[in-house]
Amino acid sequence: MLKYLTAGESHGPQITAIVQGIPAGLPLGKEFIDRELARRQGGYGRGGRMKIERDQVVINAGVRAGEALGSPIALIIANRDWVNWQRVMFSGPEADISSPLVRPRPGHADLAGGLKYNHHDLRNVLERASARETAARVAVGAVCKQLLSAFNIQALSWVVEIGSVKTQRRQLPTEELFRQAESSPVRCPDPEASKQMMALIDKANETGDTLGGVFEVIVVNPPVGLGSFEQWDSKLDGRLAQGLMSIQAIKGVEVGVGFRGSRMFGSQVHDAIAYSEGKRRFYRLGNHAGGIEGGITNGENIVLRAAMKPIPTLRRPLSSVDITTKEEVEASYERSDICAVPAAAVIGEAVVAYEIARSMCEKFGGDSLEEMRRNYAAYLKQISEY
Ligand SMILES: Cc1cc2nc3c(=O)[nH]c(=O)nc-3n(C[C@H](O)[C@H](O)[C@H](O)COP(=O)(O)O)c2cc1C
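Okay, structure coming up:
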């Protein structure tokens, strides 16, 4: 079964991921992973750190001659900033721990993490709680996207809100919206809203403030029957929500119409079932359900939305308490993003790609891509005869 683990501190030497369960024979390219990593680094409103890093993956296990071997895949992303932090972050006892971080930042894991792990230097908390870890998740997601693309499935995203600025919904094909989002500095497929979002980010920057927002992830062409109603932890909507919610600063997840649906009548929300001969067969007259009913895909595109809170590190810090002296102080400030919703959307694609790939492996899994393709084709045949 597909699973992964990540390790690495934000200013340590590297971020590492180990992915288990990718079928042998899957073509895997470093170039695609690097492009995905670059997408995560972009977006108007990012801070100084992203100017230092030029993320590149090193694949140093589980792949040979451009194909997965079926053994664990090790992905490594070096932290360029490590050179500036070696003395502080060194793993040996000679590390420089003379300037502990003692002014916890509201909105971060700093204080609760310090209390929980009994750390008196909050750097020991923030180094791992930092969203730098998501570089590993994007690399894993890129591997999963390569698996999904063998079955013509894609995970795409765009930004729909930043602060108070909302996108006007336009009836355009998903691929066209994605293309427009990719050419927008805020990854928003609405040129007018993009400009307003950038102006708002400039305003937040001027006042030492930060912004959050909302992004959407769409899974295009999922087969019917991924996930299950059989058990709480096999429900695909639950798994996708956990994946998205686990991204740093994500505070809300919606499937389909989500919260909006709770304010509507049932007759307005549920998607009537229709049938036509040919390739499509059973389909829905709408997609308010966002492609999932009862924890299983219903064959429509999966539509997910996630809300990101404003970045918690503020240049004009909130008040905090020094954990040593217990005196009121300003929270510490570390070079920081003003808005990272465009990057979070790319991370959203990655975590969603992983969950879809995981459920694909559960349903059609084999040791090799060939075996998985055979299982998939046999299932599609079964569906076509239903
Ligand atoms: C792509 C991305 C970039 C982020 N950049 C920053 C940042 O520069 N400064 C910051 O304080 N928080 C940043 N965050 C948010 C924090 O990592 C997050 O709020 C913090 O770890 C606390 O976790 P929680 O918000 O999930 O409770 C970023 C989050 C993401 C997804």
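Residue numbering for the sequence shown follows my numbering, beginning at 1165 and increasing consecutively. We put the beta carbon where it would ideally sit given N, CA and C, even for glycine.
Alpha carbon of residue i to alpha carbon of residue j, nearest angstrom
i	j	result
Q1220	W1322	23 Å
A1300	P1236	15 Å
L1482	Y1540	54 Å
T1170	P1387	29 Å
H1284	L1265	8 Å
Q1310	K1194	11 Å
E1535	S1548	20 Å
L1325	I1197	For the sequence presented, residue 1325 should be read as Glu rather than Leu. So the two alpha carbons sit approximately 27 Å from each other.
N1465	R1244	38 Å
E1297	Y1550	44 Å
L1336	L1468	17 Å
F1379	P1257	43 Å
L1544	R1445	12 Å
Buried/exposed call for residue i, threshold 16 Cβ in 10 Å
i	result
Y1429	It should be pointed out that residue 1429 corresponds to Phe in this sequence rather than to Tyr. Exposed, because fewer than 16 other Cβ atoms sit within 10 Å of the Cβ of F1429.
Q1412	buried
Q1318	buried
P1506	buried
Y1281	exposed
D1366	exposed
P1476	buried
D1531	exposed
G1512	buried
N1462	buried
A1229	exposed
R1427	exposed
Own chain residues within Cβ distance below 7 Å of residue i, not counting five before or after
i	result
V1329	A1357, Q1360, M1361 and L1364
A1293	H1272, A1273 and G1277
E1231	G1189, L1190, P1191 and L1192
V1222	I1240
D1486	V1266, R1267 and V1493
Cβ neighbours of residue i in the same chain (closer than 8 Å, five flanking residues each side left out)
i	result
E1291	E1173, S1174, H1175, G1176 and M1253
A1259	R1251, V1252 and M1253
R1403	G1391, D1397, E1519, R1522 and S1523
G1425	V1433 and H1452
Under the three-state DSSP convention, the category residue i falls into
i	result
V1350	coil
M1253	helix
M1524	helix
V1222	strand
I1502	coil
G1377	strand
V1307	helix
E1519	helix
A1188	strand
F1393	coil
F1446	strand
R1292	helix
L1286	coil
I1216	helix
G1416	strand
L1408	helix
Q1344	helix
Q1432	helix
Residue i beta carbon near ligand 2 (any heavy atom closer than 6 Å)
i	result
D1501	This structure simply doesn't include ligand 2; it includes ligand 1 instead.
Residues near residue i by beta carbon distance below 6 Å, same chain, minus five either side
i	result
Q1184	K1167 and P1236
F1528	M1536, N1539 and Y1540
A1438	Y1447 and L1449
- Taking 8 Å as the threshold, find out whether the segment 1386–1406 comes into contact with the segment 1492–1503 through three or more Cβ pairs. Touching, no, given that fewer than three Cβ pairs across the two stretches are closer than 8 Å.
- Message: Any contact between the segment 1341–1354 and the segment 1238–1247? By contact I mean 3 or more CB pairs, one from each, below 8 Å.
- Response: With the cut-off at 8 Å, the segment 1341–1354 and the segment 1238–1247 do not touch.
- Can we say the segment 1367–1377 touches the segment 1445–1458, given the rule of at least three CB pairs closer than 8 Å? Because the criterion of three Cβ pairs below 8 Å is not met, the segment 1367–1377 and the segment 1445–1458 do not touch.
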